[in-house]
Amino acid sequence: MSIAFTPWPESFAKKYREKGYWTDRPLLDLIDNAPQENVAVICGERSLSYQDLCSQSRRLAVYFQGLGLRTGDTALVQLPNIAEFYVVFFALMRLGVAPVNALFSHNKIELTAYASQIEPKIIIASDEHVLFHDGAFFNTLRALSKELQHALIIGKSEWAETLENVLASSTSTLLTAVPSKADEVAFFQLSGGSTGTPKLIPRTHNDYFFSVRRSTEICHFTATTQYLCALPCAHNFPLSSPGAFGVFHVGGCVVMSPSPDANTCFELIERHQVTVAALVPPALALWLQAAPSNNASLSSLQLMQVGGAKLSESLARQVPEILGCQLQQILGMAEGLVNYTRLDDDLETIVTTQGRPMCSLDEVRIINEAGEEASVGEVGELATRGPYTIRGYYKSPEHNAKVFDEEGFYHSGDLVCRNDKGYLTVVGRDKDQINRGGEKIAAEEIENLLLRHEQIMHSALVSMPDSMMGEKSCAFIVPKIASHGMKSLSLRKYLRGLGVADYKVPDRFEFIDSLPLTPVGKPNKVALREVIRQRLQLTSQLDKTL
Ligand code: AMP
Ligand code: DBH
């Protein structure tokens with residue numbers, strides 16, 4: 138049994154193979170073909186060689202096989218930045234089991250949404266996450282997903298099997314299972330989304346492997362690369378741009394950091410002679426603030442990759458000055474297309490653009506308001522198709538009909554302009570999403586949760602400017618009755634109680650009598666963004682005068 142997804146048309150698949158982009162090899166080759174004696178991952182005081190990674194993932198795969206997991210099955214995985222994330226990923230790859238790798242910041246709402254879409258047979262989670270301190274949440278999920286039978290915990294557990302125990306008690310590496318076919322779904326990426334339910338992105342071995350290989354070429358990764366994984370390890374950026382998988386492809390070493398915190402990372406950079414790091418803009422801003430007064434030597438650092446949200450030109454210019462390394466900007470998306478500034482680009486291009494597509498078969502169309510292709514410098518929506526850009530979200534026919542056109546282009550909702558050399562600069566967004574310093578929030582998801590509150594009549598979530606995060610979120614609330622007594626604090630508590638990820642809880646609440654509407658009767662978010670912008674401006678002026 139294989140997992141259903143929207144395939145690339147045969148003529149495109151043929152082209153991608155002829156060009157050598159799709160090689161029909163499984164992602165497992167990333168570690169199985171690596172120089173086995175090299176160190177693959179450093180995590181705290183532990184070092185795992187490629188041989189360790191291969192043998193542990195093989196033993197774990199044997200255990201999974203014993204449970205009856207097989208090709209076409211799915212798994213829900215939620216792990217922090219630890220080496221076991223990769224052990225688990227490649228164990229599942231050996232059997233052709235496709236995981237959704239939830240972010241560690243995800244909570245009940247997100248995990249439930251993923252589980253109900255993929256109906257996993259197994260949950261693999263960490264004892265560090267409060268949801269898995271006991272078996273209660275697992276049982277809730279089992280009631281929703283009839284396939285769910287197993288749980289494996291990384292760490293200690295009184296209610297589920299643990300990885301430690303599995304590895305201690307199994308030495309067999311005898312596997313009869315094989316990976317899924319290279320042109321089938323290897324795993325699911327997460328979409329930042331703009332809809333009520335978070336969408337899943339089916340990625341095949343062929344398309345993902347290509348994006349990883351091509352990325353390592355562009356970023357000059359080699360066996361001597363020491364890569365700092367400071368962003369959430371499951372995210373597409375630190376996984377594949379070139380990320381940990383790029384490092385594995387060339388036999389280099391991934392240094393895990395529990396967080397992007399500057400001081401934690403600086404220590405790791407010095408200790409492990411890190412050469413490349415990847416950050417979102419707010420984390421970069423904190424590094425730039427902390428670096429001058431930190432004693433750790435950052436001299437090994439050669440490349441700082443920044444992406445996920447718009448980087449201001451002024452921060453960009455500080456990178457070589459303060460960190461003493463080169464900057465690379467990346468505009469990527471879990472749906473596929475990744476743009477990079479190149480290492481030999483001139484400084485102006487690097488600080489003012491978010492790069493250009495990674496390969497010649499990435500087709501980019503920028504569509505202006507009139508629905509026509511924009512000319513150089515003109516703003517329009519970025520639409521794309523190519524050898525590693527999906528043709529459809531998982532089981533989402535209605536949404537797919539909206540964001541994929543008849544020619545298979547994915548309409549990203551990003552407003553960009555292109556210069557005469559094909560480099561893209563992001564200027565805005567035409568999707569109902571807040572980009573909170575790289576963490577995406579689908580407005581509709583939070584609005585729906587707010588509407589479940591018995592005192593709320595209408596809600597609208599919009600972005601508001603923030604000097605540190607770029608954007609934060611503001612929820613406009615129309616109460617059912619004027620004398621409602623709702624406070625920001627109680628609404629925050631309410632949302633947390635429902636079990637939504639913390640980063641999605643609105644940074645600010647504004648209570649209003651009615652929502653301004655557009656001519657077609659939808660909440661006028663342009664007007665609401667303007668309301669909050671003015672209120673913030675007023676507060677900051679008052680602060681200055683006091
Ligand atoms: P996701 O769908 O969660 O993978 O998020 C991808 C989206 O993040 C893109 O469509 C952009 O909106 C945004 N994004 C990623 N990188 C950048 C960047 N360098 N500058 C501005 N926005 C970015
Ligand atoms: O934001 C993203 O999704 C992103 C950013 C940089 C991404 O998916 C990527 C690089 O691959």
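Heads up: the sequence shown runs through residues 138 to 683, numbered per my numbering. Here a beta-carbon is modelled for each residue, glycine too, at the ideal position from N, C-alpha and C.
Give the secondary structure of residue 215 by DSSP, where H, G and I count as helix, E and B as strand, and everything else as coil.
Taking the sequence shown and counting its residues from 1, the one referred to as residue 215 is at position 78. In this structure, residue 215 counts as strand in the three-state DSSP scheme.
Taking residue 188 and residue 173 to be in contact with their CB atoms under 8 Å, please state how far apart those CB atoms are, rounded to whole angstroms.
Indexing the sequence shown from 1 puts residue 188 at position 51. Indexing the sequence shown from 1 puts residue 173 at position 36. Contact flag correct, Cβ pair sits at about 4 Å.
Report yes if the C-beta of residue 127 is less than 7 Å from at least one heavy atom of the ligand AMP; otherwise report no.
It is not possible to answer for residue 127, since the shown part of the chain is limited to 138 through 683.
Cβ neighbours of residue 153 in the same chain (closer than 6 Å, five flanking residues each side left out):
Taking the sequence shown and counting its residues from 1, the one referred to as residue 153 is at position 16. Hits under 6 Å: 159, 524.
Could you tell me whether any non-hydrogen atom of the ligand AMP is closer than 7 Å to the CB of residue 472?
Within the sequence shown, the letter at position 335 stands for residue 472. Yes, the beta carbon of residue 472 sits closer than 7 Å to at least one heavy atom of the ligand AMP.
With DSSP as the reference, label residue 450 as helix, strand or coil.
Within the sequence shown, residue 450 is the residue found at index 313, counting from 1. Helix.
Candidates 414, 333, 467, 387: which alpha carbon is nearest residue 396's?
As a first step, residue 396 must be located in the sequence shown, where it is residue number 259. Residue 396 has its Cα closest to that of 414, out of 414, 333, 467, 387.
What three-state label does DSSP hand residue 438 in the structure shown?
For the purposes of this step, residue 438 is identified with residue 301 of the sequence shown, where counting begins at 1. DSSP places residue 438 in coil when its eight states are reduced to three.
With a cut-off of 8 Å on the beta carbons, I'd call residue 550 and residue 445 a contact; round off their distance for me.
Within the sequence shown, the letter at position 413 stands for residue 550. Within the sequence shown, the letter at position 308 stands for residue 445. That pair is no contact at about 15 Å.
Just to confirm, does residue 178 get its C-beta within under 7 Å of one of the non-hydrogen atoms of the ligand DBH?
Counting from one through the sequence shown, the residue named residue 178 turns up at place 41. No.
So if DSSP puts residue 263 in a beta bridge, which residue, or which two residues, is it bridged to?
Position 126 of the sequence shown holds residue 263. DSSP lists 291 as partners of residue 263.
Given 8 Å as the limit, is there contact between the segment 357 to 370 and the segment 534 to 550, that is, 3 or more CB pairs closer than that?
no
Is any heavy atom of the ligand DBH found at a distance shorter than 7 Å from the C-beta of residue 487?
Your numbering for residue 487 matches position 350 in the sequence shown. No, the ligand DBH has no heavy atom inside 7 Å of this Cβ.
Counting C-beta neighbours from all protein chains within 10 Å, is the total for residue 691 16 or more, i.e. buried, or is it exposed?
Shown here, the chain extends from 138 to 683; a query on residue 691 therefore has no answer.
Is residue 646 near residue 628, with beta carbons less than 8 Å apart?
Here the question's residue 646 lines up with position 509 in the sequence shown. Here the question's residue 628 lines up with position 491 in the sequence shown. Yes, they are a contact pair.
Report yes if the C-beta distance between residue 373 and residue 469 is below 8 Å; otherwise report no.
As a position in the sequence shown, residue 373 is number 236, starting the count at 1. As a position in the sequence shown, residue 469 is number 332, starting the count at 1. In this structure, residue 469 lies closer than 8 Å to residue 373 by Cβ.
Kindly provide the ranges of any beta strand (DSSP E) runs that are 3 or more residues long and lie completely inside the segment 313 to 392, ordered along the chain.
322 to 327, 337 to 341, 363 to 366
For residue 484, count neighbouring Cβ atoms within 10 angstroms of its own Cβ and tell me buried if that reaches 16, exposed if not.
The residue labelled residue 484 in the question sits at position 347 within the sequence shown. Residue 484 is exposed by the Cβ-count criterion.
For the alpha helix (DSSP H) that contains residue 582, what are its first and last residues?
The sequence position of residue 582 within the sequence shown is 445, counting from 1. First-last of the alpha helix (DSSP H) with residue 582: 580 to 588.
Could you check what DSSP says for residue 545 in three-state terms: helix, strand or coil?
Within the sequence shown, residue 545 is the residue found at index 408, counting from 1. Of the three classes helix, strand and coil, the one that applies to residue 545 here is coil, per DSSP.
CA-to-CA distance, residue 607 to residue 451, given in whole angstroms
Numbered from 1 along the sequence shown, position 314 holds the residue referred to as residue 451. Numbered from 1 along the sequence shown, position 470 holds the residue referred to as residue 607. The alpha-carbon atoms of residue 451 and residue 607 are separated by roughly 13 Å.
Taking the C-alpha atoms as reference points, what is the distance between residue 285 and residue 385?
Along the sequence shown, one-based indexing puts residue 285 at 148. Along the sequence shown, one-based indexing puts residue 385 at 248. About 31 Å.
Do residue 252 and residue 323 count as a contact pair if the criterion is CB distance below 8 Å?
Walking along the sequence shown from the start, residue 323 turns up at place 186. Walking along the sequence shown from the start, residue 252 turns up at place 115. It is not a contact, given that the beta carbons lie outside the stated cut-off.
Run through DSSP, which three-state label would residue 195 get?
Mapped onto the sequence shown, residue 195 falls at position 58. Residue 195 falls in the helix class under three-state DSSP.
With DSSP collapsed to three states, give me the class of residue 528.
Position 391 of the sequence shown, counting from 1, holds the residue named residue 528. Residue 528: coil per DSSP, three-state reduction.
Around the Cβ of residue 517, are there at least 16 other Cβ atoms within 10 angstroms (buried) or fewer (exposed)?
As a working mapping, residue 517 is identified with position 380 in the sequence shown. So residue 517 ends up on the buried side.
Please report the Cβ distance between residue 596 and residue 588, rounded to the nearest whole angstrom; I am assuming they are in contact, meaning their Cβ atoms lie under 8 Å.
As a position in the sequence shown, residue 596 is number 459, starting the count at 1. As a position in the sequence shown, residue 588 is number 451, starting the count at 1. About 6 Å; that satisfies the 8 Å criterion.
Please report how far the alpha carbon of residue 336 lies from the alpha carbon of residue 201, in whole angstroms.
The residue labelled residue 336 in the question sits at position 199 within the sequence shown. The residue labelled residue 201 in the question sits at position 64 within the sequence shown. Roughly 27 Å separates the two Cα atoms.
Is the beta carbon of residue 223 less than 8 Å from the beta carbon of residue 197?
On the sequence shown, position 86 is the one that residue 223 refers to. On the sequence shown, position 60 is the one that residue 197 refers to. Cβ atoms of residue 223 and residue 197: not closer than 8 Å.
Residue 538 bridges to which residues according to DSSP?
Start at 1 with the first residue of the sequence shown, and residue 538 comes out as number 401. For residue 538, which the question treats as bridged, DSSP gives no partner whatsoever.
Cβ of residue 93 within 7 Å of any heavy atom in the ligand DBH?
Examination of residue 93 is not possible in this model, given that the chain is present from 138 through 683 alone.
Hey, could you find the ends of the alpha helix (DSSP H) residue 618 is sitting in?
Sequence index remark: in the sequence shown, residue 618 carries index 481 (1-based). Segment: none, residue 618 is in no alpha helix (DSSP H) and carries neither H nor E.
Could you tell me which uninterrupted alpha helix (DSSP H) segments, each at least 4 residues in length, are contained entirely in the segment 479 to 504, listed from first to last along the chain?
484 to 489
Beta-carbon proximity of residue 143 to residue 528, cut-off 8 Å:
Here the question's residue 143 lines up with position 6 in the sequence shown. Here the question's residue 528 lines up with position 391 in the sequence shown. A contact, by the Cβ cut-off of 8 Å.
Considering only DSSP beta bridges, list what residue 414 is partnered with.
On the sequence shown, residue 414 is found 277 positions in, with the first residue counted as 1. In DSSP, residue 414 forms a bridge with 365, 441.
Decide if residue 388 is buried, meaning its Cβ has at least 16 other Cβ atoms within 10 Å, or exposed.
What you label residue 388 is simply residue 251 of the sequence shown in a count that begins at 1. Under this definition residue 388 is a buried residue.
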